[in-house]
Each structure stands twice: as structure tokens, then as C-alpha cells.
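Protein chains in written order, with the numbering used here: chain F, 18 to 110; chain V, 50 to 311.
Yeah, the Cβ is synthetic: ideal placement off N, Cα and C, and Gly gets one too.
Keep in mind the model is a prediction, meaning the values are calculated, not measured.
Taking it in order: structure first as C-alpha cells, then the write-up.
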């Protein structure tokens with residue numbers, strides 16, 4: 018995974034996340050939208066199989082979009098961890 | 050997040066995952082299909098092939114044979130110390146030699162690693178007539194479903210929403226819905242209509258069509274998903290679910306780490 022920032026202002030960011038697919042991007046977008054301080058979060062893969070996904074995030078005032086993405090990805094990671102714990106517990110039973 | 054396991058066998062799993070976003074459920078499904086590494090034959094040296102199948106066709110058939118995989122033992126060729134040249138850490142060779150008359154089966158493939166062998170022994174590869182011969186060496190390597198379908202460890206992996214069936218007061222116990230339902234979801238119990246097995250419902254709405262009084266309504270729970278995972282035997286269903294989720298978690302962690310550096 019490689020991240021390239023295309024455009025950044027105080028409350029907006031547009032960045033390319035190289036080597037990723039809908040698998041991570043859609044879950045990440047959903048995690049970003051759970052954050053009340055995030056105004057919009059969306060991504061696009063311009064041409065399937067060729068283009069890299071571009072993530073766009075706009076936050077409400079005084080909130081760094083990079084911080085929002087960082088928090089969303091750790092939230093997603095926690096959710097995965099919850100699933101893994103729950104799954105190994107239930108699978109043993 | 051809630052999880053209820055309905056069935057967990059070696060080659061099949063069924064579970065209900067609820068209180069998650071549709072995006073999370075879909076990511077799990079996608080990861081199971083394309084992000085779990087699996088061994089498959091990818092390169093074939095053909096010494097002799099006088100069978101009716103062309104070399105290419107024979108190789109394609111070999112590639113699609115599911116192999117038991119221990120992903121901890123092997124590396125992706127691109128990440129291997131040999132830099133993709135091919136070594137014992139990133140590939141396994143299998144030999145096949147047969148002379149007709151016979152049917153060549155997957156069990157005739159002799160592997161150099163006793164752990165990386167065809168899962169099913171009776172997959173026919175080619176039928177040989179008298180005098181026809183096949184002699185070849187095949188090389189299997191790790192790959193993932195993104196690259197080619199032969200590297201997919203699951204054959205049927207998907208989910209549907211949990212149905213929400215409600216039976217209103219208008220129900221006059223005509224029992225038409227019981228006959229109409231192809232999955233046998235309804236049952237008459239003590240003069241009342243009840244839902245016996247909710248997870249069997251395929252959301253076909255035949256019950257609603259059959260109901261003259263309009264007593265049945267069908268909706269879906271958009272945060273609950275019934276997953277079905279069938280594997281080709283390369284891994285157990287348990288290992289596929291576990292490894293798919295770990296791969297998703299790994300990438301979320303990686304992104305979080307990269308973002309911390311900015």
C-alpha cells in the first residue's frame with residue numbers, strides 16, 4: 018500500500034491509495050461516515066482494473082481530515098479484531 | 050457486532066453476522082474470494098502429450114485442480130528470497146506420467162511435498178486411448194483470487210439479508226402461504242400461523258402473492274447477514290474466514306500507520 022496526497026486543505030483531502038480495491042475502500046468509507054465530524058467521505062476507482070482508488074474526505078470545521086482517516090482505519094481494524102475474537106470463541110463452542 | 054454460527058464443517062460454513070454495516074459484510078465476502086492465498090498449478094513443462102487435448106487445455110485443467118494449501122509454509126514468488134526464480138520456499142513441483150488406455154485422474158499427480166496434494170482424488174483430467182501418453186512436470190505456486198479464479202479458495206461465498214417476516218391480524222388461517230412457500234418456512238401451530246425457520250426464507254415473496262388478505266409482510270434487516278461459505282477443500286472454512294478477516298485487518302492497520310506518518 019502506498020498513499021499519495023493529491024490535494025489537501027484544512028478541511029478537505031483527496032488522496033490516492035495505491036494497490037487497494039473496493040474491499041478496503043468501501044469499508045473505510047463506511048467507517049469514515051460513522052464519524053459525526055466528517056461531512057463527506059467517498060471514493061472512486063475511475064476505470065476498473067486499471068485505476069487506483071482515490072479517496073475524498075471533507076470534514077467539519079477544525080478537524081484535520083488526516084486525523085479522521087487515521088481514526089476511521091483504526092476503528093475498522095478494531096471491528097475486524099472484534100470479529101476475529103468472536104469467531105474464534107464461537108467456533109470453539 | 051453479533052455472530053451466530055449455524056454450521057461449521059471442513060468444507061462448508063454458515064453463519065449470521067449482525068449489527069455491522071453492509072460495507073463490512075461485503076468486505077469480508079470480497080476478502081474471502083480474492084485475498085486468501087492458495088496454491089495452484091501455474092506452470093507446466095510438457096515432455097510428451099499425445100492425448101486428444103492440446104497442451105494449453107491440459108494445463109488449464111491442471112491449474113483448476115484444488116490443492117491442499119499450507120500458506121505458512123510458502124511465500125509469494127515475488128516476495129521470496131529467490132526473487133521469483135523459483136525455489137523450494139515458493140513452489141512445489143508435481144509430476145504426472147500416464148500411458149493409455151486409462152483415464153488420468155488428479156490422484157496420478159505425484160507431489161514433491163506430501164502436504165500439497167490434490168484435495169479430491171477422482172477429478173478426471175484426460176482420457177487416454179491405447180498408445181497415447183502424457184508425461185509432464187507441473188509447478189504450483191501461491192496466488193490470490195484477484196489474479197486468476199484458480200487461486201480462489203472458495204467456490205460459493207456470499208450472503209443475504211436476514212428476512213423479517215411479520216404476520217398481521219388479518220390472517221384468516223387459509224394456509225395458502227404454507228403451500229406456496231417453496232422452503233417450508235411457515236407452519237400452522239395451535240390455530241396460528243408461525244414462522245419455523247426464518248433463515249431458510251429466500252425472500253421470494255410467494256407467500257405474499259398467495260395471501261388474499263394481505264396479512265403477511267416481508268422486509269429485510271439491513272444490518273444482519275446470513276453468510277454461506279463453501280470451500281474447494283484447499284483450506285477449511287474456518288481458516289478461510291479467519292485469514293480473510295486478518296487480511297482486511299492488516300490493511301486497515303497499514304493505512305492507519307501510514308496516516309500517522311503524515
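Through-space distance from residue j to residue i, alpha-carbon basis
i	j	result
residue 87 of chain F	residue 252 of chain V	39 Å
residue 70 of chain F	residue 85 of chain F	18 Å
residue 245 of chain V	residue 216 of chain V	13 Å
residue 138 of chain V	residue 128 of chain V	10 Å
residue 287 of chain V	residue 168 of chain V	17 Å
residue 28 of chain F	residue 309 of chain V	17 Å
residue 186 of chain V	residue 179 of chain V	22 Å
residue 56 of chain F	residue 259 of chain V	46 Å
residue 20 of chain V	residue 299 of chain V	No statement about residue 20 of chain V is possible, as the shown extent of chain V runs from 50 to 311 and does not include it.
residue 130 of chain V	residue 311 of chain V	31 Å
residue 84 of chain V	residue 193 of chain V	6 Å
C-beta contact flag for residue i and residue j at 9 Å
i	j	result
residue 124 of chain V	residue 191 of chain V	yes
residue 265 of chain V	residue 214 of chain V	yes
residue 89 of chain V	residue 142 of chain V	no
residue 38 of chain F	residue 62 of chain F	yes
residue 55 of chain V	residue 248 of chain V	yes
residue 296 of chain V	residue 87 of chain V	no
residue 58 of chain F	residue 89 of chain F	yes
residue 171 of chain V	residue 155 of chain V	yes
residue 72 of chain V	residue 44 of chain F	yes
residue 64 of chain F	residue 50 of chain V	no
residue 293 of chain V	residue 80 of chain V	yes
When the options are compared against residue i, the one with the closest alpha-carbon
i	options	result
residue 240 of chain V	V/234, V/223, V/303 and V/86	V/223
residue 254 of chain V	V/273, V/56 and V/226	V/226
residue 205 of chain V	V/229, V/181, V/281 and V/258	V/281
residue 103 of chain F	V/95, V/81, V/236 and V/291	V/291
residue 66 of chain F	V/307, V/302, V/195 and V/230	V/195
residue 61 of chain V	V/277, V/307 and V/301	V/277
residue 318 of chain V	V/122, V/200, V/184 and V/193	In this structure chain V extends from 50 to 311, so residue 318 of chain V is not present and cannot be described.
residue 98 of chain V	V/234, V/64 and V/148	V/148
residue 59 of chain V	V/285, V/133 and V/157	V/285
residue 166 of chain V	V/257, V/262, V/84 and V/111	V/111
residue 184 of chain V	V/306, V/301 and V/93	V/93
residue 302 of chain V	F/78, F/26 and F/93	F/93
residue 220 of chain V	V/257, V/151, V/109 and V/115	V/257
Range covered by the alpha helix (DSSP H) that runs through residue i
i	result
residue 303 of chain V	286–310
residue 42 of chain F	39–50
residue 256 of chain V	255–259
Where the beta strand (DSSP E) containing residue i begins and where it ends
i	result
residue 270 of chain V	265–280
residue 63 of chain V	61–67
residue 141 of chain V	140–148
residue 30 of chain F	29–35
residue 24 of chain F	19–25
residue 53 of chain V	51–57
At 3 residues or longer, and completely inside the segment 176–228 of chain V: list those beta strand (DSSP E) runs for me, N to C.
Taking only runs of at least 3 residues, the beta strand (DSSP E) segments lying wholly in the segment 176–228 of chain V are 182–192 and 203–216.
Only counting runs of 3 or more residues, tell me where the beta strand (DSSP E) segments fall wholly within the segment 53–98 of chain F, in order along the chain.
Counting only runs of 3 or more, we get 55–61 and 71–76.
To test your reading of the DSSP string, which unbroken alpha helix (DSSP H) runs of 4 or more residues are found completely within the segment 81–133 of chain V?
The segment 81–133 of chain V contains these whole alpha helix (DSSP H) runs: 104–112.
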